[in-house]
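See below for the structure under consideration.
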Amino acid sequence: MPAMTLSPLVDALKPSATLAAAAKARELKGKGIKVLDFTLGEPDFNTPEHIQTAAIEAMKAGKTHYTPSGGIAELKEAVCRAYKRDYNLDYAPAQVLVSNGAKHSIHNVLATLCGPGDEVIIPTPYWVSYGALVELTGAVPVLVDTTEASGFIMTPEQFAAAITPRTKLLLLNNPSNPTGGTYTPAQLEALGKVAVEKNIPVLSDEIYEKLIYPGSEFRSFATFSPEVKALTIIVSGVSKAYAMTGWRIGWTIGPVPVIKAMDNLQSQETSNPCSVSQYAAVAALDGPQDSVEAMRVVFERRREYALSRIRPWQEKYGITCAPPGGAFYLFFNISSMLGKKLPGGQVAKDASEFCTILLEQAHVALVTGDAFGAPGFARLSFATDDTTLKLGFDAMEEFLAAAI
Ligand SMILES: Cc1ncc(COP(=O)(O)O)c(C=O)c1O
């Protein structure tokens with residue numbers, strides 16, 4: 148027996164596939180190759196000026212010490228004000244826990260509520276980390292397949308059918324990474340009715356709440372009724388809306404006993420989220436919101452451009468793409484390209500191989516749908532500059548046209 152055997156739960160963890168895809172692209176870049184990189188899910192903008200200033204001022208004022216483990220009162224209060232302002236939801240600061248990014252928030256919710264023998268319902272395609280974070284608690288992800296035709300929306304019937312006596316949670320992501328699928332209020336309300344009827348808590352990951360495009364509407368899951376609200380645990384944060392991925396601030400809003408237990412866990416794990424980042428997040432939530440809209444408008448323009456390039460691919464190559472209602476991803480079905488001879492002479496048998504060949508031959512980096520539980524698909528992040536977007540589509544067009 149080796150002295151350092153790994154815990155079976157950690158040993159079974161796979162590295163984040165999106166980060167792995169980005170690393171592969173970086174490796175090529177390291178060799179001096181210009182890679183058109185569409186792998187990473189973060190805004191390419193810098194954090195707005197007034198938020199940076201708040202962080203600098205906090206630092207200068209000596210806010211550089213440990214904070215309460217669950218976050219500073221000012222930020223919890225700012226979160227409550229923001230949910231009242233944006234969604235007319237009433238929460239008390241005791242219902243808010245601040246963590247090191249929404250990913251950490253999700254981990255803490257799952258670690259607090261789930262254990263061996265529990266099941267967590269996750270609609271697919273799902274964000275890469277969900278399955279791993281559920282498995283880390285010893286619970287089992289119960290995957291519910293959604294379809295491209297429905298815009299990747301789980302129906303209430305599918306939700307109800309997946310529930311068993313062991314169901315602990317529904318993990319819902321709206322708008323979705325990787326599909327951009329955005330539930331209509333009526334669709335959410337129908338899921339909420341099932342949750343109330345069957346008494347199933349819902350972890351609603353709303354991190355892309357501010358990135359919504361014409362024709363879609365965002366509703367926080369907690370808004371439908373007091374009964375739904377009582378079962379809802381909201382996770383969100385500043386990463387996507389305020390271009391603050393590196394600051395690592397996310398939050399959980401939910402019932403006081405759950406928040407308290409999460410706070411205990413967090414106090415043992417990490418002490419507290421970064422002090423300076425918390426003050427920056429207060430400025431983000433309380434300050435002017437026009438930069439959020441300004442960035443959304445740029446994403447909207449890029450989305451339009453990307454869709455205009457991808458639409459003709461349906462007729463030309465059999466590649467289809469459900470327009471995303473939110474977030475900043477296109478999730479397209481490339482299964483028609485599998486089995487074809489691609490440039491360089493290779494044949495891809497699955498989406499992972501297709502993405503590898505595309506990277507090697509056309510120097511375009513996408514993330515395979517396999518990483519999201521969606522074989523035959525690829526994800527493109529349009530959170531990148533216009534020139535890269537144009538060159539990327541030009542290179543993909545050339546690659547696809549040469550396939551036989
Ligand atoms: C669906 C989803 N949830 C949560 C997160 C985590 O965000 P954060 O940077 O706040 O940890 C991401 C980031 O990519 C995401 O796509």
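Reminder that position 201 of the sequence shown reads as 348 in the numbering used here, one-by-one numbering, no gaps. Just so you know, even glycine gets a beta-carbon here, dropped at the ideal spot from N, CA and C. Computed from a prediction, not measured in an experiment: that's the story for all the values here.
Selection from the options that minimises the alpha carbon distance to residue i
i	options	result
E189	L538, A550, A548 and D532	D532
S383	L175, F368 and P373	F368
T535	L183, K207, N320 and A548	L183
E204	S424, A390 and L244	S424
T503	V243, T186 and S483	T186
G523	A550, P490, K537 and F479	F479
T472	W460, I359, Q461 and I481	In the sequence as displayed, the identity of residue 472 is Gly instead of Thr. For the residues W460, I359, Q461 and I481, the minimum Cα distance to G472 belongs to I359.
I198	E282, I219, Q305 and A390	A390
A279	T200, L156 and I551	L156
I219	E500, C421 and W460	C421
S297	C468, I406, I481 and E500	C468
V341	S499, D191 and T314	T314
Q493	D265, F299 and E507	E507
N346	D433, L257 and P312	P312
A307	A337, G328 and P332	A337
R232	P195, T294 and Q436	Q436
D191	A549, M442, E451 and E500	M442
D236	T417, S418, T379 and P215	Sequence inspection shows Leu at residue 236; the Asp mentioned does not correspond to that position. That would be T379, whose Cα lies nearest to the Cα of L236.
G516	L538, I481 and G539	I481
E500	T329, A168 and L160	A168
H251	K357, L412, L505 and L290	L412
R450	S386, K407, F540 and T392	F540
A550	V281, G209, P361 and I466	I466
Y277	E295, N255 and T294	N255
Residue i versus residue j - alpha carbon distance
i	j	result
D497	Y464	16 Å
M543	P322	26 Å
S528	A150	43 Å
K223	A427	13 Å
L335	S372	11 Å
L485	A495	5 Å
D292	A239	36 Å
A309	I268	7 Å
K376	L318	15 Å
A258	T284	6 Å
P490	F546	6 Å
Y476	L175	23 Å
P332	T370	10 Å
D410	Q461	49 Å
T165	P404	34 Å
R448	D352	25 Å
G262	K171	34 Å
K488	I400	50 Å
G217	K181	43 Å
T417	Y213	10 Å
A474	L432	19 Å
A201	A225	14 Å
A518	Q305	22 Å
L160	L260	20 Å
A241	G179	52 Å
Y330	S163	26 Å
V445	I354	18 Å
V385	C227	14 Å
A521	L350	22 Å
V289	E266	6 Å
Residue i - partner residues in DSSP beta bridges
i	result
I380	L350
I300	Answer by DSSP bridge pairing: none, since I300 is not bridged.
L244	T399
D292	T271
D184	A512
C468	F479
V494	K488
S528	Y476
I359	G473
V287	E266
L318	L350
Chain C contact for residue i (CB, 8 Å cutoff)
i	result
G328	In the displayed structure, chain C is absent; only one protein chain is listed.
Give every residue whose Cβ lies closer than 6 Å to any heavy atom of ligand 1, listed in chain order.
-> G188, G248, A249, K250, W274, N320, N324, D352, I354, G384, S386, T392 and G397
Count the CB pairs spanning the stretch 324 to 333 and the stretch 264 to 283 that are closer than 8 Å, and state whether there are at least three.
-> yes
Stretch-stretch touch, CB-based, cutoff 8 Å, three pairs: the stretch 500 to 516 with the stretch 455 to 475 | no
Are three or more beta carbon pairs between the stretch 239 to 246 and the stretch 394 to 408 nearer than 8 Å?
-> yes
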